[in-house]
Each structure stands twice: as C-alpha cells, then as structure tokens.
Amino acid sequence: MENIENLKKELGLARNELLLQYYTDNLTSLPNLYKLRYDIEESLDFTLIVLNIDNFKILNDFYGFIVGDFILEAVGKKLNGALENEKIYRIASDEFAILLDERLKFYELKRYLMNIVERFSHLSFAYAETKIFVDLTFASASTTSIDNIFSKVNMALKYAKEKLLKFWIYEDDMDMGDEYEKNLKFAIKIREALNNSRLIPYFQPILDNKTNKIVKYEALSRLMDSEGLIYAPQSFIPAAKKIKVYDKITKIVIAKTFDMFRDINLEFSINLSFEDIINQDIYNFILEMLEDTKMGNRVTFELLESEKVDDFEKVLHFFSEIKRYGGKIAIDDFGSGFSNFSYLTRIKPDFIKIDGSLIKNIDTDKNSYIVVETIVDFAKKMGIETVAEYVHSSTVLSTVKSMGIDYSQGFFIDKPTPTIEM
Numbered sequence: 002m003e004n005i006e007n008l009k010k011e012l013g014l015a016r017n018e019l020l021l022q023y024y025t026d027n028l029t030s031l032p033n034l035y036k037l038r039y040d041i042e043e044s045l046d047f048t049l050i051v052l053n054i055d056n057f058k059i060l061n062d063f064y065g066f067i068v069g070d071f072i073l074e075a076v077g078k079k080l081n082g083a084l085e086n087e088k089i090y091r092i093a094s095d096e097f098a099i100l101l102d103e104r105l106k107f108y109e110l111k112r113y114l115m116n117i118v119e120r121f122s123h124l125s126f127a128y129a130e131t132k133i134f135v136d137l138t139f140a141s142a143s144t145t146s147i148d149n150i151f152s153k154v155n156m157a158l159k160y161a162k163e164k165l166l167k168f169w170i171y172e173d174d175m176d177m178g179d180e181y182e183k184n185l186k187f188a189i190k191i192r193e194a195l196n197n198s199r200l201i202p203y204f205q206p207i208l209d210n211k212t213n214k215i216v217k218y219e220a221l222s223r224l225m226d227s228e229g230l231i232y233a234p235q236s237f238i239p240a241a242k243k244i245k246v247y248d249k250i251t252k253i254v255i256a257k258t259f260d261m262f263r264d265i266n267l268e269f270s271i272n273l274s275f276e277d278i279i280n281q282d283i284y285n286f287i288l289e290m291l292e293d294t295k296m297g298n299r300v301t302f303e304l305l306e307s308e309k310v311d312d313f314e315k316v317l318h319f320f321s322e323i324k325r326y327g328g329k330i331a332i333d334d335f336g337s338g339f340s341n342f343s344y345l346t347r348i349k350p351d352f353i354k355i356d357g358s359l360i361k362n363i364d365t366d367k368n369s370y371i372v373v374e375t376i377v378d379f380a381k382k383m384g385i386e387t388v389a390e391y392v393h394s395s396t397v398l399s400t401v402k403s404m405g406i407d408y409s410q411g412f413f414i415d416k417p418t419p420t421i422e423m
C-alpha cells in the first residue's frame with residue numbers, strides 16, 4: 002500500500018514537472034504562450050499587453066545568435082524584475098506579454114502604457130565590453146469583448162510598428178479588423194490570380210502635345226478575380242507584399258507588357274519601385290528581357306519620385322544598365338514628394354511625369370500653375386521632356402499644352418484598357 006502511495010506521489014511530481022516544462026520558455030524561464038492562453042481562459046477580468054523588441058533581427062544578424070539570446074534573456078529579466086505585480090511571458094521569438102489581473106479602461110490603459118514606455122525606453126545591456134541598446138514597442142486593446150483578443154492586440158502592435166509609434170491601443174470602432182479581413186481576402190484572390198494567369202497589364206495612352214497623336218503607352222498592373230472584377234494596384238499590392246509574392250507579380254506584368262509590344266511598333270513604359278530595383282531577381286529578369294527581346298530602345302522605366310531611396314548608388318547603377326540597352330528613365334509623380342531637383346541632376350532622367358495633384362486643377366489654381374511652370378522651366382533647361390498626368394478635361398489639356406509640356410496622359414485622352422487598338 003505504501004509503495005502504491007509513493008508511486009502516485011512520484012507520478013504526480015513527474016506530471017507537475019512536465020506541466021512546468023510545457024508552460025515554461027526554455028531560454029528566459031518565463032511562462033510561455035501556452036501558459037498565457039491558459040491564464041487568460043482562467044481569468045474573469047484582465048488586460049493584455051504585448052511588446053516587441055525593435056529591430057531584433059538586425060541586432061541578431063549583427064551581433065550573432067548568442068548575443069541575440071542574451072538580449073532576449075536580459076529583456077525578460079528586466080521586465081520580470083521591474084513589474085513585480087504583473088505576470089510576464091515570453092510568447093514568441095522577440096515578443097513578450099504582460100497580463101494584468103484587471104480590465105483597464107481606455108484612459109487608465111493609456112496612462113499605464115505611457116508610464117511603462119517611459120520606464121523601458123532606450124534600454125542598454127552590457128555584453129562583454131559592448132553596450133547594446135534596445136527599444137521596445139507596446140500594444141494593447143480597450144474593447145468591450147475579449148473575443149479574438151490576441152488578434153486585436155497584434156493588429157495594434159503591427160500598426161504601432163508601421164507608424165513608428167511607441168505604443169498603440171486597439172479600440173472597437175477602429176477599422177483594423179476590416180483592414181485585416183481585406184488583406185486576407187486579397188491574399189486568396191492574389192493566389193488564385195497567380196494560378197490562373199489573371200494578373201494582367203492595362204495600358205493607358207500618352208499623347209504627344211505637339212502632334213496630337215498617341216505615341217506611347219504606360220503599363221499598369223491589374224488583378225482580375227474569379228468573377229471578372231478588376232482591381233487596381235493599391236487594392237492588392239499591399240497584401241501581395243505581405244504574402245511575399247510581389248516580385249512574382251512584377252515579373253508577370255513586365256513579361257506580358259513586353260509580349261504585347263513585340264508586334265506593336267510603339268514606345269511603352271513600366272513602373273518600378275525602389276524595392277524592385279534592389280531585388281536582384283527582378284533586376285536580372287529585366288536585363289534578360291532587354292537582352293532577349295532587343296526592345297530596349299522602346300521601353301521607359303518609371304520610378305516614383307516619392308519613393309524612399311536608401312541606396313542611391315544602386316539606383317544609378319540600375320539606370321546606367323538600362324541605358325546600355327537603349328532604355329529610358331522617367332521620374333513618376335514628380336511634385337507629390339519633396340520635388341528634389343538635385344535628385345534629378347544625378348539621375349538625369351529622360352522624362353519627368355508631373356503629378357496629377359498639381360495638374361488636375363492647373364486651369365483654376367494659380368499656385369499649382371506656378372509650381373508646374375517652375376518644374377517645366379527646370380526640365381527644359383536640363384533637356385528633360387515632361388508628361389502631365391491626370392489630364393481630365395479639355396481646359397486642362399489646353400493649359401498644359403500652352404505651358405510647353407511635351408506629353409499628356411489622363412482620362413480625357415483615354416482610360417487604361419487591356420488591349421491596344423491600332
């Protein structure tokens with residue numbers, strides 16, 4: 002009988018030890034995600050806060066995974082030691098959670114987060130003879146329902162990261178859930194379109210203001226869903242980037258555009274982002290297309306003026322390669338960003354496309370007229386041709402012609418279509 006009791010006791014201890022291991026993060030010895038989920042299920046009222054180490058991948062890549070583990074342990078100890086009345090968890094690679102045993106109202110939660118951000122701002126940890134600086138981003142939710150609480154807090158964390166905020170609080174009246182659902186919907190549409198060749202270019206004509214003839218077309222990416230509905234890039238490109246198929250879409254649109262103009266003796270242009278230019282796969286693909294098709298002298302690559310360019314030398318190198326094949330360069334949406342004229346002197350583009358926000362009211366808005374007049378004057382002195390975007394009426398077209406702008410593009414001339422009529 003005594004042996005049976007001892008065996009039960011040993012089994013109970015072994016069970017408790019297994020549970021402890023199951024609920025504990027091996028690296029930091031903090032409770033893990035499983036323990037957090039269990040504690041939430043057992044709680045009547047609580048507030049969940051999630052925090053993420055900023056740029057942890059960069060720290061990990063720069064210092065190595067041993068130092069990366071040290072940073073995770075150090076942050077865990079710092080949180081656990083400073084927040085004695087809260088429960089601390091490590092729930093993912095570089096994410097931790099704080100669980101409060103009460104549900105804070107919005108302004109109480111905001112004050113709490115402001116305080117905790119101040120306490121844990123610009124952390125520094127000494128490793129060997131190196132001082133490592135760490136910053137954190139926090140998120141929580143003030144909501145009437147705890148349903149999908151993890152999704153709500155994660156949406157708030159993602160928003161804070163994107164907007165470079167120190168913290169953000171999800172509220173029920175925000176449309177974050179709608180945006181999340183929209184991305185999920187488009188993720189499905191994108192995969193279906195990729196599998197069924199429904200990512201296609203549309204073509205918008207560009208008018209020569211001197212001859213009044215269509216002399217070139219701009220290729221614009223479109224997604225056709227299973228019901229035949231057409232979506233513009235701003236609808237699906239953000240989701241495409243999230244599911245990491247954006248580069249596939251870029252290559253498909255480029256290939257189909259080149260194929261369209263093989264037997265059409267007109268010039269055409271293709272939009273590129275800085276992200277495209279620094280992507281080695283897309284870079285090589287474009288050069289191969291230029292080499293194989295021998296159509297370089299008819300293609301213009303457009304780069305957004307508002308794009309953030311982190312490595313200007315890569316842009317210059319790409320453009321010099323394009324020009325070796327006879328290709329041309331355009332700066333798109335000029336005037337929507339900072340209108341950096343020194344930027345133009347280095348890139349030396351063939352065209353400046355003047356942003357539609359300046360063109361659409363140029364016949365009635367004196368300030369827009371003056372800005373465009375300055376851009377056109379500068380371009381002429383630099384030997385750069387100009388294109389007016391968003392030409393939507395006869396009066397706007399007459400105005401841009403009178404200003405000496407070389408080309409016009411917009412709905413008054415024609416809308417983008419999937420075919421080109423000769």
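Start counting the sequence shown at 2; every next residue gets the next number (our numbering).
For glycine and all other residues, C-beta sits at the position ideal for the given N, C-alpha and C.
Query: Where Q410 falls: helix, strand or coil (DSSP); Result: coil
Query: Cβ contact check for the segment 148 to 158 and the segment 204 to 219: 3 or more pairs under 8 Å; Result: no
Query: From R199, T48, V51 and D70, residue whose alpha carbon lies closest to that of K58; Result: D70
Query: G77 vs T131 beta-carbon contact at 7 Å; Result: no
Query: Backbone secondary structure at M296 - three-state DSSP; Result: coil
Query: Inter-residue CB distance, T346 and G328 (contact presumed, cutoff 8 Å); Result: Wrong, their Cβ atoms sit about 20 Å apart, outside the cutoff.
Query: Cβ shell of V118 (< 7 Å), same chain only, five flanking positions each side left out; Result: F139, K167 and F168
Query: Short Cβ contact (7 Å threshold) for E219 with S270; Result: yes
Query: T48 versus F107, Y344 and S358, residue with shortest Cα-Cα distance; Result: F107
Query: Distance between K183 and I253 (C-alpha atoms, nearest Å); Result: 23 Å
Query: Sequence-distant residues of the same chain with beta carbon closer than 7 Å to Y23, five excluded per side; Result: Y35
Query: Ordered list of beta strand (DSSP E) runs contained in the segment 33 to 60, each at least 3 residues; Result: 48 to 54
Query: Contact under 7 Å by Cβ, A331 with K315; Result: no
Query: Spatially closest choice to A98 from F126, N155, H318 and M115, by CA coordinates; Result: N155
Query: L101, enclosing alpha helix (DSSP H) - first and last residue; Result: Here L101 belongs to no alpha helix (DSSP H); instead the beta strand (DSSP E) covers E96 to L101.
Query: Straight-line Cα distance separating V216 from I265; Result: 11 Å
Query: Sequence-distant residues of its chain with Cβ nearer than 7 Å to F342 (five each side left out); Result: F379
Query: Rounded Cβ spacing between N33 and I89 (contact assumed at less than 8 Å); Result: Contact doesn't hold; Cβ gap of about 11 Å is too wide.
Query: Same chain, Cβ closer than 6 Å to L273, five either side skipped, listed in chain order; Result: F302 and L304
Query: Assigned secondary structure, K416 (DSSP; H/G/I helix, E/B strand, else coil); Result: coil
Query: Near the ligand COA: L221 beta-carbon under 6 Å from a heavy atom; Result: The ligand COA is not among the ligands present in this structure, which contains no ligands whatsoever.
Query: C-beta contact flag for Y391 and G405 at 7 Å; Result: no
Query: Among L45, L105, R199 and A75, nearest to E228 - alpha-carbon criterion; Result: R199
Query: Sequence-distant residues of its chain with Cβ nearer than 8 Å to K324 (five each side left out); Result: I330
Query: With 16 other Cβ atoms within 10 Å as the buried cut-off, status of T365; Result: exposed
Query: Length of the line joining the Cα atoms of V388 and D407; Result: 6 Å
Query: First and last residue of the uninterrupted beta strand (DSSP E) at I133; Result: T131 to V135
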